[in-house]
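First residue of the sequence shown: 1, per this note's numbering; consecutive thereafter.
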Amino acid sequence: MTEFIMYRHNTNITDLFKTQIGTSGVTERLLDKAAIATLQAGGASYGLITDAALAISESRIAWAGPRDEVPAAYTGFPRDDLEGRLVTPALIDCHTHLVYGGNRSREFEQRLEGASYEEIARAGGGIVSTVGATRAASEEDLLADALRRADALIAEGVAAIEIKSGYGLDIDTELKMLKVARRIGELRAVRVRTSFLGAHAVPPEYAGRADAYIDEICLPVLEAAHDASLADAVDGFCEGVAFTPAQIARVFDKAQALGMPVKLHAEQLSDLGGAKLAARYGALSADHLEYLDEDGVAAMAEAGTVATLLPGAFYTLHETRSPPVGLLRRHGVPIAVATDCNPGSSPLASVLLAMNMACTLFRLTPEEALAGVTRNAAKALGLTDTGVIAPGMRADLAIWNAEHPAELAYRIGFNPLHERIFAGR
Ligand code: DI6
Ligand code: FE
Numbered sequence: 001m002t003e004f005i006m007y008r009h010n011t012n013i014t015d016l017f018k019t020q021i022g023t024s025g026v027t028e029r030l031l032d033k034a035a036i037a038t039l040q041a042g043g044a045s046y047g048l049i050t051d052a053a054l055a056i057s058e059s060r061i062a063w064a065g066p067r068d069e070v071p072a073a074y075t076g077f078p079r080d081d082l083e084g085r086l087v088t089p090a091l092i093d094c095h096t097h098l099v100y101g102g103n104r105s106r107e108f109e110q111r112l113e114g115a116s117y118e119e120i121a122r123a124g125g126g127i128v129s130t131v132g133a134t135r136a137a138s139e140e141d142l143l144a145d146a147l148r149r150a151d152a153l154i155a156e157g158v159a160a161i162e163i164k165s166g167y168g169l170d171i172d173t174e175l176k177m178l179k180v181a182r183r184i185g186e187l188r189a190v191r192v193r194t195s196f197l198g199a200h201a202v203p204p205e206y207a208g209r210a211d212a213y214i215d216e217i218c219l220p221v222l223e224a225a226h227d228a229s230l231a232d233a234v235d236g237f238c239e240g241v242a243f244t245p246a247q248i249a250r251v252f253d254k255a256q257a258l259g260m261p262v263k264l265h266a267e268q269l270s271d272l273g274g275a276k277l278a279a280r281y282g283a284l285s286a287d288h289l290e291y292l293d294e295d296g297v298a299a300m301a302e303a304g305t306v307a308t309l310l311p312g313a314f315y316t317l318h319e320t321r322s323p324p325v326g327l328l329r330r331h332g333v334p335i336a337v338a339t340d341c342n343p344g345s346s347p348l349a350s351v352l353l354a355m356n357m358a359c360t361l362f363r364l365t366p367e368e369a370l371a372g373v374t375r376n377a378a379k380a381l382g383l384t385d386t387g388v389i390a391p392g393m394r395a396d397l398a399i400w401n402a403e404h405p406a407e408l409a410y411r412i413g414f415n416p417l418h419e420r421i422f423a424g425r
């Protein structure tokens with residue numbers, strides 16, 4: 001708390017944050033005596049290489065393989081004895097709403113006292129209360145709050161985070177959220193991918209006029225965010241309580257015209273055919289998916305759309321219907337796992353816990369959970385230079401106090417990170 005107050009009252013806030021990145025780092029390094037989970041598909045389970053070494057040159061992985069096969073070019077690199085520790089690709093949280101004002105802990109209490117989500121929303125709670133708090137917050141306050149959540153992820157070995165807008169729902173606040181998201185990527189050694197989520201909820205001033213909101217706010221703000229290079233992708237919430245497939249299609253048409261990739265919150269609480277719609281637009285991912293049917297799964301497989309599962313929201317909302325993991329497997333749809341970090345349905349800032357929940361609640365294997373926060377999470381963000389360990393990939397790595405990769409999903413509330421390497425540092 002002291003730290004938080006210090007942030008808020010420091011006038012030169014940017015300098016204060018900047019000091020935490022650090023500038024030291026070696027550019028050539030041989031990680032020796034390691035177990036390496038490359039996460040490359042198709043070979044050994046986890047792509048595991050035991051008794052392994054990994055060479056880093058500049059910001060890239062130069063080589064990874066058995067210790068007794070280290071090429072001569074790398075044997076002279078400064079050597080780090082990892083004493084048998086596990087190395088994986090750095091983790092990726094491919095679905096978060098971690099920039100927001102206020103919190104909804106009172107709503108949590110109300111739900112436990114018996115109030116329904118709808119009753120809370122009607123009384124001015126729910127997403128709309130976060131919209132109010134986010135509009136009222138200064139950029140610096142939003143940043144200070146969001147950095148604390150980003151730091152929790154980074155401390156678990158996360159090197160890339162997707163961050164959505166969607167709690168502004170007006171031009172100034174949507175752009176303010178996206179700017180804060182970008183600043184996180186400048187102030188911390190983490191890659192940030194932003195998604196414009198103007199179609200998240202209908203703001204109070206447009207109650208009952210969702211189409212007018214899309215026309216007058218959502219589409220113009222999308223264009224403004226694109227023109228200011230503030231958004232890397234476009235997202236929407238396709239649900240009875242949010243927007244119809246026809247309304248989402250109008251947002252996606254605009255995204256397509258601007259050359260931006262799309263993704264969608266689909267089939268979370270009901271089946272509106274959102275995943276199929278997303279697949280039609282070649283979406284990077286469709287997310288949640290508890291109510292997804294086989295047609296939707298087939299459409300996603302055909303389009304190469306990643307299924308991002310969000311067990312934190314399932315858990316928080318006490319849902320009972322699980323996403324169709326068996327169908328996703330059978331159709332070969334890549335599965336990602338993310339926190340959905342948000343103040344309402346998933347106040348979760350732990351990728352490791354999301355992995356554990358994905359296994360225990362959705363019956364993913366620990367290998368699927370780990371692929372879900374590395375290889376497939378990269379795919380869900382359109383990142384082709386990270387998520388697996390292979391020569392030429394970015395040296396974004398996590399070194400764990402663990403012997404076997406199943407340990408990462410197995411423990412609950414324990415962080416075994418030994419060291420995180422970001423772009424070789
Ligand atoms: N799906 C969700 O579960 C959250 N947003 C979304 O599109 C809910 C966000 C909130 O309650 O604040
Ligand atoms: Fe979400």
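C-beta atoms are modelled at their ideal positions from N, C-alpha and C, and glycine is treated no differently. Model, not experiment: these values are computed from the prediction.
Ranked by how close their Cα comes to the Cα of Ala160, the residues Ile248, Asp385, Ile399 and Glu290 have Asp385 in first place. Bridge partners of Phe237 according to DSSP: His265. For the 8 Å CB-CB criterion, Ala144 and Ile163 do not form a contact. For Asn356, the CB stays at least 7 Å from every heavy atom of the ligand FE. For Asp141, the three-state secondary structure derived from DSSP is helix. Where Val190 is concerned, there is no enclosing alpha helix (DSSP H), because DSSP gives it neither an H nor an E. Fewer than three pairs of CB atoms, one per stretch, sit closer than 8 Å, so the segment 180-200 makes no contact with the segment 368-378.
In this structure the segment 42-58 does not touch the segment 106-119; the number of beta carbon pairs closer than 8 Å is below three. Gly126 and Ala136 have their C-alpha atoms spaced approximately 16 Å apart. Contact annotation: Ala255 and Gly274 have beta-carbon atoms that are not nearer than 8 Å. For Phe243, the three-state secondary structure derived from DSSP is strand. Judged by their CB atoms, Ala225 and Glu174 are nearer to each other than the 8 Å cut-off. The C-alpha of Pro311 lies about 29 Å from the C-alpha of Asp170. Around Asp295, the same chain offers Lys276 as residues with beta carbons nearer than 7 Å, after the five sequence neighbours per side are excluded. In the structure shown, Thr384 adopts coil according to DSSP, grouped into three states.
With fewer than 16 neighbouring CB atoms inside 10 Å of its own CB, Ser138 falls in the exposed class. Contact annotation: the segment 399-418 touches the segment 80-96, with at least three C-beta pairs closer than 8 Å.
Excluding residues up to 5 positions away in sequence, Phe196, Ala255, Met260 and Val262 lie with their Cβ nearer than 6 Å to the Cβ of Val234 in the same chain. Distance between Ala406 and Pro366, taken at the CA atoms: about 5 Å. The closest heavy atom of the ligand FE lies 7 Å or more from the beta carbon of Asp93.
Assignment of Glu107 by DSSP, reduced to helix, strand and coil, places it in the helix class. Contact between Thr27 and Gly424 holds: CB atoms are separated by about 6 Å, below the 8 Å threshold.
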